[in-house]
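Line by line, the protein sequences give chains A and B.
Take the first sequence: its position 169, counting from 1, is numbered 1047 in my numbering, and each next residue is one higher.
Take the second sequence: its position 45, counting from 1, is numbered 55 in my numbering, and each next residue is one higher.
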Amino acid sequence: MDWNNSHWEEHLRQPPIPNQPDTDEMQANVKQKIAELGGSRGSNTDGFLCGHRLQEVTPVHAPDANVYDGGDGEAHDESTQTTHNPTGRERINRTVAGMAAVAAAVVAAVGSYTIVSTYHHGGHNATSPPTPRLSTTQVQQTIRHIEAGHTISNIQVIHSGFFEGHEFAFASYEEDGKVSYASVTKDKDAMSTDTSTPSLSGNAPINSMTAVAQDGFLLVTGLVLKTSHIERIVLAFSDGTVKQVPVSDGGFWFTEKVSPKAPLIYVKHVVGVTSTGSIIENQVASVMQQG
Amino acid sequence: MNEPSLADRDELIQRLISDFGSDIWNYIFSLTRNVDLADDLTQDCFVRAYTHLETFRRESTIKTWLLKIARNLVYDQMKSASFTRVAVAPKVPENLGSTSAEQEALKNIVSEEIWRMVLTLPDKLREVLVLHAHHELSVAEVGELLGITQRAVRTRLHRARSMMRTLLKEGGWNGLE
């Protein structure tokens, strides 16, 4: 190939990896996160044109009406609530001023992007969008709980983030002196944990284990013989896909969420690539299907 | 400046995602080297853009503004969590099929290899190189985004290119450096 000095930089116009995000999915996820914030009423109103519109209403006798709690902090569409005093001495018709819908013209010309938006102000300014992630303490507690009875040490949270909308963490630890891995997923109220303790048998340079949970959670972990000088692992899956993961501290891991409806996916081949480029192939490996 | 239209905030965000979603994702990925985190933080970036649209001052382009939000999120994350060591590789082409397909595949392999090297650069050098070479931001725009002088940007760019030349040479890509 004919190259000049700047050609390598032209390659950087390509994306860093070929598997690019699906913007449709991104839009859906952002929309969901915004909805979780309470929709557009989660907007910070600082600097916005914002006001309350009061509405007069005709008094209505409503003997069985519940007392309206106007202080719930929730946004309501433009609405009128009637409060009835059981003694009957007075009737109060209350226009819920604090909860009145606010028509706000949000005008922010953004280059070629122009916004004029109407939103409802809920009587409070929302905070920044929350991005909860499992803390190290939560992960450590979960692992110690699930491995009760074993001697657990050196718990290291390798990754903490989100997986399919759930808080997710991946950690390594030592169970009775053996390197083990745990994936921890937080559902609404519970922690779901998968653990694996790969081991090297005989002189096998690589040993990996695939755990497939019923919800489609796929976890591959493994160890390599340190004297093998394997730096990277290529995982060939039963559906034909190939993934590459680095070896770190003699271990490797890979996790992916696959559709529960899809056929069982497992690792068919594990290939190790050494620092000198040599290839060490292993026919794999145990597959454990979990409930 | 355009006159305000009736397009609402939701629609705008959807459009921003459509136009810049991949750019933001790639930028975050180049900083974090983590696919899952890039997914999460890209979504957070647009949520934050949604809730802070009014803070956009038009002193920069919308893309630069989004990149800045993304950068803040990444650095917040860096302070609070350790990073995964997993790197998800693309599918390996199973059947190259034709000569043009082979050339395309070869080109992709070269690009991937160069990106792999870029991702090993120190954070500060990598970021400047990616913003300049991939996102095609000017030196002034990079400086504004990172809050550093143009001179500092040029220095980092020079060092990044110099390191890349060394990496290319070491990797046997002698014609490329």
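Idealized CB from N, CA, C, for every residue including glycine.
Sub-7 Å separation of residue i and residue j beta-carbons
i	j	result
A:S1038	A:L1012	yes
A:A1047	A:V1035	yes
A:T1099	A:W1131	yes
A:Q898	B:S121	no
B:L155	B:T74	yes
B:Q160	A:K911	no
A:V1102	A:G1128	yes
B:L135	B:R166	yes
A:P1083	A:S1058	no
A:E896	B:W125	Per the sequence shown, the amino acid found at residue 896 of chain A is Pro instead of Glu. For A:P896 and B:W125, no; Cβs fall outside 7 Å.
B:F141	B:V149	Note that residue 141 of chain B is Leu in the sequence shown here, rather than Phe. Contact: no.
Beta-carbon proximity list for residue i, same chain, < 6 Å, skipping 5 on both sides
i	result
A:Q1018	I1033
A:T1029	D1054
A:P1020	It is worth fixing the name first, because residue 1020 of chain A is Thr in this sequence and not Pro. Within the same chain, A:T1020 has close Cβ partners V1062, M1069, T1071.
B:L139	A170
A:I1024	T1071
B:A80	I34, Y37, I38, C55
A:S1116	I1143, Y1144, K1146
Minimum Cβ-Cβ distance from residue i to chain B less than 7 Å
i	result
A:G1129	no
A:D942	Residue confidence for A:D942 is low, a pLDDT of 29 falling below 50, so the modelled location carries little weight; the figure read from the coordinates is stated next. Not an interface residue.
A:E1025	no
A:P1083	no
A:S918	With a pLDDT of 40 at A:S918, under the threshold of 50, the predicted position of this residue should be treated as unreliable, though the coordinate-derived value follows. At least one chain B Cβ lies under 7 Å of A:S918.
A:G1039	yes
A:M904	yes
A:K1104	no
A:K911	yes
A:T1071	no
A:V908	yes
A:L890	yes
A:G966	For A:G966, the predicted model reports a pLDDT of 32, less than 50, meaning its position is unreliable; a value from the coordinates is still stated below. Not closer than 7 Å to any Cβ of chain B, the Cβ of A:G966 fails to qualify, so no.
A:E1159	no
A:L1052	First, the amino acid is wrong: residue 1052 of chain A is Glu here, not Leu. By this cut-off, A:E1052 is not an interface position.
A:E887	yes
Contact set for residue i: own chain, Cβ-Cβ below 8 Å, skip 5 residues either direction
i	result
B:F93	Model confidence at B:F93 stands at a pLDDT of 34, short of 50, so the residue's coordinates are unreliable and nothing is read from them.
A:R1110	Q1122, V1123, P1124, V1125, G1150, V1151
B:E21	none
B:D49	W35
Residues of its chain near residue i, where Cβ-Cβ distance is below 7 Å and the 5 sequence neighbours each way are ignored
i	result
B:V84	I38, L41, T42, L51
B:I23	F56, A59, Y60
A:A913	none
A:K1064	L1012, H1044, E1045
Residue-level contact to chain A via CB, residue i, 7 Å cutoff
i	result
B:A99	Reliability fails at B:A99, whose pLDDT of 29 lies under 50, so the model's placement of it is uncertain and no value is given.
B:H144	yes
B:I27	yes
B:V57	yes
B:G153	no
B:N82	no
B:S148	no
B:L41	no
B:Q53	yes
B:D133	no
B:I124	yes
Residue from the options with nearest C-alpha to residue i
i	options	result
A:V1112	A:T1073, A:M904, A:D1127, A:K1146	A:K1146
A:K1135	A:E1159, A:G1043, A:Y1059	A:G1043
A:L1096	A:H1023, A:T1073, A:P1083, A:P893	A:T1073
A:L890	B:R166, B:I119, B:G181	B:I119
B:M127	A:S1031, A:E1052, A:N907, A:E887	A:E887
A:K1056	A:S1031, A:K1064, A:F1040, A:E1045	A:S1031
B:I27	B:I72, B:R175, B:L141	B:I72
B:S70	B:E123, B:L147, B:A162, B:E137	B:L147
B:E123	A:T1133, A:F1115, A:Q892, A:K1064	A:Q892
Contact list for residue i against chain C, beta-carbon separation under 8 Å
i	result
B:S32	Absent here is chain C; the protein component of the structure consists of chains A and B.
Whole-Å CB distance - residue i paired with residue j, under 8 Å assumed
i	j	result
A:I1158	A:I1108	6 Å
B:L63	B:R19	6 Å
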